[in-house]
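>
Protein chains: 2
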Amino acid sequence: MLTIGKLSKTAGVKVPTIRYYEEIGLLPEAERSAGNQRLYGTATMDRLSFIRHARDLGFTLEAIRDLLSLSDTPDQSCAAADQIAKAQLVAVRDRLVRLRALEVELERMIVQCAQGTIADCRVIKVLGNHDLCSHEHNQKDQAVQ
Amino acid sequence: MLTIGKLSKTAGVKVPTIRYYEEIGLLPEAERSAGNQRLYGTATMDRLSFIRHARDLGFTLEAIRDLLSLSDTPDQSCAAADQIAKAQLVAVRDRLVRLRALEVELERMIVQCAQGTIADCRVIKVLGNHDLCSHEHNQKDQAVQ
DNA sequence: CTTAATGTCTCTAGCAACTAGAGGTTCAAG
DNA sequence: CTTGAACCTCTAGTTGCTAGAGACATTAAG
Numbered sequence: 017m018l019t020i021g022k023l024s025k026t027a028g029v030k031v032p033t034i035r036y037y038e039e040i041g042l043l044p045e046a047e048r049s050a051g052n053q054r055l056y057g058t059a060t061m062d063r064l065s066f067i068r069h070a071r072d073l074g075f076t077l078e079a080i081r082d083l084l085s086l087s088d089t090p091d092q093s094c095a096a097a098d099q100i101a102k103a104q105l106v107a108v109r110d111r112l113v114r115l116r117a118l119e120v121e122l123e124r125m126i127v128q129c130a131q132g133t134i135a136d137c138r139v140i141k142v143l144g145n146h147d148l149c150s151h152e153h154n155q156k157d158q159a160v161q
Numbered sequence: 017m018l019t020i021g022k023l024s025k026t027a028g029v030k031v032p033t034i035r036y037y038e039e040i041g042l043l044p045e046a047e048r049s050a051g052n053q054r055l056y057g058t059a060t061m062d063r064l065s066f067i068r069h070a071r072d073l074g075f076t077l078e079a080i081r082d083l084l085s086l087s088d089t090p091d092q093s094c095a096a097a098d099q100i101a102k103a104q105l106v107a108v109r110d111r112l113v114r115l116r117a118l119e120v121e122l123e124r125m126i127v128q129c130a131q132g133t134i135a136d137c138r139v140i141k142v143l144g145n146h147d148l149c150s151h152e153h154n155q156k157d158q159a160v161q
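What follows is the structure, encoded as structure tokens:
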């Protein structure tokens, strides 16, 4: 049986985050020692690794909750899991497109900065005037995280 | 003079967001009409467009606050603005690298999904077992937004 | 001139996904 | 037996907004 600290180290998830996952029901309530400390077995370890890995891949906790409930009922078709992963891929590609556009524009801003005073600083100018930025990032777009 | 609604439409920033920016001091306190409604001139319009554009480029509100205070004192060197933009570029590139890795892994997961049952679903398996994922996304990495 | 619809006001609370801190208890090593 | 690390619960804070309640302002139509 692992204490929360050991589990934290092994899974690469911080201690308060583990407690948080328990609180929101992503992890089951842990067994407790005589002194009320949480104890974990390999099942929770696996579940936590799953969560960790999915978080690395950018899945939201909600999506992870769905994936976990799917994996708890292994007899059904995996179409739903596939669907979640595909939606995630679409989101990732969308962010990629936008980030590449940002990269290009930031490069342009920086390269053209003449190292003069703020008064003719390209960075400030481009931010202040959308027309100066040759790139097509729609003003209606949301910021890319 | 524009009402907050017109400003919102023109700048592409939602009404509550404008009030929020005022609250946190990114925008100055607005003039008021006889009936206590906010009124804006072109100066605030420009400032809001600046903020909007910088948010599009992924700058945090803190970075934007710095950029704005720089642009308020146009006589100094633009090195600081350049610095902020460069840091932003580094962050963007970092996110790009991680997102590309995620894209590759998600593609692999999905392609290999045999449309069978959950029991042999590639998506679930890869998430549950880090060794199955041929890609090098360090378990210590943070999730990419 | 009145009425209705829309716009605006303030205020509080909520979202994701944690993180930080206070103040107290338990455990393992020496 | 003591010390110090690890653990407990609880509350509050983070970022960048968004949603809703209940009240007042403004505008367009009849």
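Order-wise, the sequence lines are chains A and B. Numbering-wise, my numbering comes out as the position in the first sequence, counting from 1, plus 16. Numbering-wise, my numbering comes out as the position in the second sequence, counting from 1, plus 16. Every residue, glycine too, gets a C-beta built ideally from N, C-alpha and C.
Is there a Cβ from chain A that is less than 7 Å from the Cβ of B/PRO40?
For clarity, residue 40 of chain B is Ile in the given sequence; the question names Pro instead. False, the Cβ-Cβ gap to chain A never drops below 7 Å.
> Got a sec, what are the start and stop residues for the alpha helix (DSSP H) A/LEU112 sits in?
Element bounds for A/LEU112: 95-127.
> Could you tell me whether any Cβ in chain A is nearer than 7 Å to the Cβ of B/VAL139?
Closer than 7 Å to some Cβ of chain A, the Cβ of B/VAL139 qualifies, so yes.
> With a cut-off of 7 Å, does the C-beta of B/ILE20 fall near any C-beta of chain A?
Chain A contact via Cβ: absent.
> Identify, in the order they occur along the chain, each residue of the same chain with its Cβ nearer than 6 Å to the Cβ of B/GLN155, setting aside the five sequence neighbours on each side.
In this prediction, B/GLN155 has a pLDDT of 42, which is less than 50 and means its spatial position is unreliable; nothing more can be read from the coordinates.
> Run through the region 26-75 of chain B for me and flag every whole beta strand (DSSP E) of 3 or more residues, listed as ranges in chain order.
List check, beta strand (DSSP E) in window: 54-56.
> Would the region 53-72 of chain B and the region 23-37 of chain B be scored as touching if the rule is three or more Cβ pairs under 8 Å?
Yes, they touch.
> Output the distance between the C-alpha atoms of A/LEU143 and B/GLU119, rounded to the nearest integer angstrom.
Each residue's Cα considered, the two are about 30 Å apart.
> Which one or two residues does DSSP pair with A/LEU18 in a beta bridge?
BP columns for A/LEU18 point to A/TYR56.
> Determine the direct distance from the alpha carbon of B/VAL139 to that of A/ILE100, and round the result to whole angstroms.
The alpha-carbon atoms of A/ILE100 and B/VAL139 are separated by roughly 9 Å.
> Closer than 7 Å, CB to CB, is B/GLU119 near chain A or not?
Judged by the 7 Å Cβ criterion, B/GLU119 is in contact with chain A.
> Please decide whether A/SER85 counts as near chain B, where near means a Cβ-Cβ distance under 7 Å.
No, A/SER85 lies away from the interface with chain B (no Cβ there is under 7 Å from its Cβ).
> Report the rounded CA-to-CA distance for B/ALA46 versus B/THR33, giving the unit in angstroms.
One C-alpha to the other measures close to 14 Å.
> Using the rule of at least 16 other Cβ atoms within 10 Å of the residue's Cβ for burial, across every protein chain shown, is B/GLU78 buried or exposed?
When all chains shown are included, B/GLU78 counts as exposed.
> Give the residues of chain B in contact with A/ASP224, contact being defined as C-beta atoms less than 7 Å apart.
With chain A represented from 17 up to 161, any question about residue 224 of chain A goes unanswered, as that position is not in the structure.
> By how many angstroms is the C-alpha of A/GLU121 removed from the C-alpha of B/THR60?
C-alpha separation (whole angstroms): 24 Å.
> Does B/ASP88 pass the burial test, meaning 16 or more other C-beta atoms within 10 Å, or should it be called exposed?
Answer is exposed; the Cβ neighbour count stays below 16.
> Exposed or buried, which one is A/ILE134 when buried takes at least 16 other CB atoms within 10 Å?
It is buried - the Cβ of A/ILE134 has at least 16 other Cβ atoms within 10 Å.
> Could you pull out every residue in the same chain whose Cβ sits closer than 8 Å to the Cβ of A/LEU18, ignoring the five residues on either side in sequence?
Excluding residues within five positions, the ones whose Cβ falls inside 8 Å are THR26, LEU55, TYR56, GLY57 and MET61.
> Counting only beta-carbon atoms, is A/ASP110 nearer than 7 Å to chain B?
So no, A/ASP110 is outside the interface.
> Using a C-beta to C-beta distance shorter than 9 Å, which residues of chain B count as neighbours of A/LYS25?
In chain order: nothing, as chain B lies at least about 11 Å away.
> Can you tell me where the alpha helix (DSSP H) with A/ILE140 in it begins and where it stops?
Note, A/ILE140: alpha helix (DSSP H), 138-144.
> Which chain A residues sit within Cβ distance under 7 Å of B/THR133?
Those are PRO90, ASP91, GLN92, SER93 and CYS94, listed as they occur along chain A.
> Less than 7 Å between the C-beta atoms of B/ILE80 and B/ALA70, yes or no?
Yes, Cβ-Cβ distance for B/ILE80 and B/ALA70 is below 7 Å.
> Using a C-beta to C-beta distance shorter than 9 Å, which residues of chain B count as neighbours of A/GLY57?
The contacting residues do not exist; A/GLY57 stays about 16 Å from chain B at best.
> Starting from B/ILE80, trace the alpha helix (DSSP H) both ways and give me its first and last residue.
Unbroken alpha helix (DSSP H) run through B/ILE80: 77-87.
> Compute the Euclidean distance between the alpha carbons of A/LEU112 and B/LEU43, then round it to the nearest angstrom.
Taking the straight line joining both Cα atoms gives about 31 Å.
> For B/LEU115 versus A/VAL108, is the C-beta spacing smaller than 7 Å?
A contact, by the Cβ cut-off of 7 Å.
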